[in-house]
Amino acid sequence: MNGFEFQAITKVAFGEGRSKQIAEDVKRLCRGVRTVLVTDPGLVQLGVPEPILQALRDGGIEAHLFSDVQSDPSSTSIDQAAAIIRQTGADCVIGLGGGSAMDVAKMAALVAGAEHPAEHYALMANPFEPKRIASIMIPTTSGTGAEVTSTVVFSTTEKRKVWGWDADMGPDLAVLDPTLTIALPPHLTAATGLDAIVHAIEAVAGKRSNSMISAFSFEAIRLLGQSLLIAVKEPANLQARGDLSLGAMLAGMAIEQGGTGIAHCIGHALGTLGRVHHGRAVAIALYETYDWNIEANVPVHADIARALGVADQGQNILALAQAGASRYRELVEQSGLKLSLQSEGLSQTDAMRFADIMQSEENAPMRNNNCRSSSVSELEQFAQTILSR
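My numbering numbers the first residue of the sequence shown as 343 and each following residue consecutively.
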């Protein structure tokens, strides 16, 4: 049994319409009344930031908008957001969107108070200055858990997918408002929800798992497993959307403590190899590696199966664990997520480069934390299998 210390960095506020209280949140957290709202162009086009900006302004908060955020964000976006924060003298940054917008907001809040650009801090190469700017995250997807984690993922100018970490990167407040997730289309509901399920599974099965991670992960898996397909088919179902919001947040708490594993190693490698949405990439990766992982820890995978809703009918625990793998694959297939990567221009001719990226420095923490250790030949086989569809 692994020992642990736990202290949540982020306060969580949950409820339908809870985002309307954002001005009060800013006043309570920040020294001044200037904010920068970081979001993405798609949400701007849908008008999602407008009620948040209006609520801030109605509450006497000076609000500036930064929306130059791409899916799988770049270090350039982080540096640009940090420049806006400095120019406006903002003392609070709000991230509104999926993991990309929230990651940009989280890291920009630290870069804005530092001397160097974002890439200087990649892979913990250099420490950040102490945090001086508060951060609030408002997710509009239910997947990354970025609203409660102190890690970000971004691409360098050389297109390498890397990560940044600092204890101060953890947001001060996460506002979970399920009404903001209703506009998410079915294919993104599926991809982000599966990302959250993979988070919970990898955290509880990983080498750093502990009792706290188990509590977060199993409840996350239960909520996400029971409501993902409902939300895909009934986008306006607020009960299902609320379950996904809570499940993604709990899974985020789990990976904050326990990290991720082989599916995220493979998923990040896919993100470097081609323009594959992160949630879809990790969902595909676990689809292909779930059975292989079971061998390393059958009991925990049996518990995961129960959390996924598999009936325990007295079968041996290996059969139960394998039924959990089947249930996960059913979720992936029934969600409509595309397993083939041919439309992204990827094929088996890319397999060796794909496997090489899995072995890179930036993917080592995920690979090494996985419940089962992987050989080079196994990584090459995963690459071949994933690219053969």
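Even glycine gets a Cβ: it sits at the ideal position worked out from N, Cα and C.
- Ile728 and Phe696 have their C-alpha atoms roughly 10 Å apart.
- In the DSSP assignment, Phe496 falls within the beta strand (DSSP E) that extends over Thr493 to Ser497.
- The beta carbon of Asp382 sits closer than 7 Å to the beta carbons of Ser409, Val411, Gly439, Ser442 and Ala443 from its chain, once the five residues preceding and following it are set aside; these are given in chain order.
- Cβ atoms of Leu536 and Ser677 come within 8 Å of each other, at about 7 Å.
- Taken atom to atom, the span from the alpha-carbon of Thr486 to that of Glu544 is near 13 Å.
- The alpha helix (DSSP H) runs of length 4 or more contained entirely in the region 541-613 are, from start to end of the chain, 553-575 and 580-600.
- For Ile478, the uninterrupted beta strand (DSSP E) run begins and ends at Ala476 to Pro481, by DSSP.
- Annotated three-state conformation of His458 is coil, per DSSP.
- Close CB contacts of Leu588 within its chain, under the 6 Å cut and outside five residues either way in sequence, are with Leu565 (chain order).
- When Leu388, Leu650 and Ala590 are compared, the shortest CA-CA separation from His541 is found for Ala590.
- As a beta-bridge residue in DSSP terms, Lys353 pairs with Leu515.
- Rounded to whole angstroms, the Cβ separation of Val494 and Asp414 is 11 Å, and the two are not in contact under 8 Å.
- Here Thr483 really is in contact with Leu526; their C-beta atoms are around 6 Å apart, less than 8 Å.
- Taking a cut-off of 8 Å for Cβ pairs, the region 682-700 and the region 609-626 touch, as three or more such pairs fall below it.
- Taken atom to atom, the span from the alpha-carbon of Leu515 to that of Ser559 is near 21 Å.
- Separation of the CB atoms of Ile478 and Val517 is rounded to 6 Å, and the pair is thereby assigned contact status at 8 Å.
- In terms of Cα proximity to Thr377, the closest of Gly357, Gln349, Arg428 and Met554 is Arg428.
- In its chain, beyond the 5 residues on either side, Thr498, Val504 and Gly506 have a beta carbon closer than 7 Å to the beta carbon of Ala464.
- In this chain, Glu471 is not harboured by any beta strand (DSSP E), its DSSP state being neither H nor E.
- Collapsing the DSSP output to three states places Phe696 in a helix.
- For Val380, DSSP records a beta bridge to Phe408 and Gly437.
- Per DSSP, reduced to three states, the secondary structure at Ser416 is strand.
- Non-local C-beta neighbours of Ile626 in its own chain, meaning closer than 7 Å and more than five positions away in sequence, comprise Leu681 and Ile728, ordered along the chain.
- By the Cβ neighbour-count rule, Gly651 is exposed, with fewer than 16 other Cβ atoms within 10 Å of its own.
- In the same chain as Glu461, and ignoring 5 residues on each side of it, the C-beta atoms closer than 6 Å to its own belong to Ser417 and Thr498, in chain order.
- DSSP, reduced to helix, strand and coil, places Val718 within a helical segment of the structure shown.
- In the DSSP assignment, Lys503 falls within the unbroken beta strand (DSSP E) covering Lys503 to Trp507.
- Taking 8 Å as the upper bound for CB-CB distance, Met708 and Cys607 are in contact here, some 4 Å apart.
- In the DSSP assignment, Ser668 falls within the alpha helix (DSSP H) that extends over Ile659 to Gln676.
- One Cα belongs to Leu580, the other to Gly359, and the distance between them is close to 11 Å.
- When DSSP states are grouped into helix, strand and coil, Gly535 belongs to the helix group.
- Three or more Cβ pairs closer than 8 Å define a contact, and the region 709-721 meets that threshold against the region 622-641.
- At a Cβ-Cβ threshold of 8 Å, Gln723 and Gln690 do not count as neighbours.
- Our two residues, Val354 and Leu721, have alpha carbons roughly 38 Å apart in a direct line.
- Its chain contains Ile539, Ala542, Ile543, Ile646, Ala649 and Leu650 as the residues whose beta carbon lies nearer than 7 Å to that of Ile563, once the 5 sequence neighbours on both sides are disregarded; these appear in chain order.
- For Asp510, no alpha helix (DSSP H) segment is defined, and its DSSP state is neither H nor E.
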